[in-house]
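*Asks:*
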Amino acid sequence: MTNIQAKMFNKRASNPKNRPDQIIKAISLRPGQKVADIGSGGGYFSLRFAEIVGEKGRVYAVDTNPGFLEHVKNSAKEKGLVNVIPTLVSKDELDLPEKSLDLIFMRNVTHHIPNRVEYFKSLRRFLKPYGRIAIIEYKKGKIFTFRGLFGHYVPKETIIQEMEEAGYLLEKECNFLPEQHFTIYVVKNER
Ligand SMILES: C[S@@+](CC[C@H](N)C(=O)[O-])C[C@H]1O[C@@H](n2cnc3c(N)ncnc32)[C@H](O)[C@@H]1O
Numbered sequence: 072m073t074n075i076q077a078k079m080f081n082k083r084a085s086n087p088k089n090r091p092d093q094i095i096k097a098i099s100l101r102p103g104q105k106v107a108d109i110g111s112g113g114g115y116f117s118l119r120f121a122e123i124v125g126e127k128g129r130v131y132a133v134d135t136n137p138g139f140l141e142h143v144k145n146s147a148k149e150k151g152l153v154n155v156i157p158t159l160v161s162k163d164e165l166d167l168p169e170k171s172l173d174l175i176f177m178r179n180v181t182h183h184i185p186n187r188v189e190y191f192k193s194l195r196r197f198l199k200p201y202g203r204i205a206i207i208e209y210k211k212g213k214i215f216t217f218r219g220l221f222g223h224y225v226p227k228e229t230i231i232q233e234m235e236e237a238g239y240l241l242e243k244e245c246n247f248l249p250e251q252h253f254t255i256y257v258v259k260n261e262r
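Heads up: the sequence shown is residues 72 to 262, going by my numbering.
(1) So, at 6 Å on beta carbons, what are the nonlocal neighbours of D108 in its own chain, with the 5 sequence-adjacent residues on each side left out?
(2) Tell me the DSSP secondary structure of P157 in three-state form.
(3) Looking only at its chain, what residues have a beta carbon closer than 8 Å to the beta carbon of E233, apart from the 5 residues adjacent to it on each side?
(4) Which ranges does the alpha helix (DSSP H) cover as unbroken runs of at least 4 residues, wholly within the stretch 92-116, from first to last along the chain?
(5) In angstroms with no decimal places, state the Cα-to-Cα distance between L205 and A84.
(6) To the nearest angstrom, how far is it from the Cα of S161 to the Cα of A121?
(7) Just jot down, in chain order, the residues whose CB lies closer than 7 Å to any heavy atom of ligand 1.
(8) Kindly identify the DSSP beta-bridge partner or partners of R196.
(9) Apart from the five residues on each side of it in sequence, which residues of its chain come closer than 7 Å, Cβ to Cβ, to E236?
(10) Looking at the C-beta of K192, does it have a partner C-beta in chain B at a distance below 8 Å?
(11) Can you pull the DSSP bridge partners for V133?
(12) Roughly how far, in whole angstroms, is the beta-carbon of S111 from the beta-carbon of D134, given that I think they are within contact range, below 8 Å?
(13) Checking 8 Å against the spacing of the C-beta atoms, do H142 and H182 come in under that value?
(14) Let me check understanding here. Comparing Cα to Cα, which of L198, N154, T216 and K210 lies closest to L247?
(15) I'd like to check one pair, G128 with K105: are the Cβ atoms closer than 8 Å?
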């Protein structure tokens, strides 16, 4: 069942209508960089990142669901990717190396996080100087949709304000996604 869900996440993430290639281009990763994919799900993006950052880089695939992480581990092995580190998180207590990350990537996960301002603040300790956080989240959409009925979205203005309160500055906004908003942040005193 977990495997089926993981594959379903990956099918959606890789669908050209969700612009995966444009997302990859917009975050401009380089070989050797270190990335955390928080809420990695089936790991579609974790694996794409791993191919770009190469053996000298690292991708922490972070999730609360051990079954999804098992799927990511097996998929990385199949592709011969040795730089993907499945990382289980319980109760938002992230176990990542401090001051190590060039990028934290969060796609379709912030609606699961309860105290977001505190959570976003807590991410700062993992970033390298000039590290970035990229957030992709569902827009509200129509009321009688799954995400409308179950609140699986966070408006862009809310995310921008919460990130500002948490000490970040909006660096870039990408407007090419049909169902989501996509914003990239840096720590405030670094710009
Ligand atoms: C809708 S899926 C998105 C998966 C993936 N990011 C994608 O775009 O295909 C949300 C994922 O976030 C995970 N998740 C939920 N709460 C989380 C938390 N507090 N920390 C990390 N992952 C979480 C879920 O287990 C699930 O895998």
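Don't be surprised by glycine CBs; every beta carbon is placed ideally from N, CA and C.
*Replies:* The structure says:
(1) Excluding positions up to five away in sequence, the list reads F116, S117, A132 and F176.
(2) In the structure shown, P157 sits in a strand (DSSP, three-state: E or B).
(3) The answer, listed in chain order, is R187, V188 and F191.
(4) none
(5) Note on residue identity: the sequence assigns Ala, not Leu, to residue 205. If I take the Cα positions, the gap works out to 16 Å.
(6) 24 Å
(7) For ligand 1, the selected residues are F80, N81, R83, A84, D108, I109, G110, S111, G112, G113, Y115, F116, V133, D134, T135, N136, F139, V160, D163, R178, N179, V180, H183 and I184.
(8) R196 pairs with nothing; no bridge assigned.
(9) V188
(10) Annotation note: the requested chain B is absent from the structure, which comprises a single protein chain.
(11) I109 and T158
(12) 5 Å
(13) no
(14) Residue 247 is actually Phe in this sequence, not Leu. Of the candidates L198, N154, T216 and K210, the one whose C-alpha sits nearest the C-alpha of F247 is K210.
(15) Their beta carbons are under 8 Å apart, which means K105 touches G128 by this criterion.
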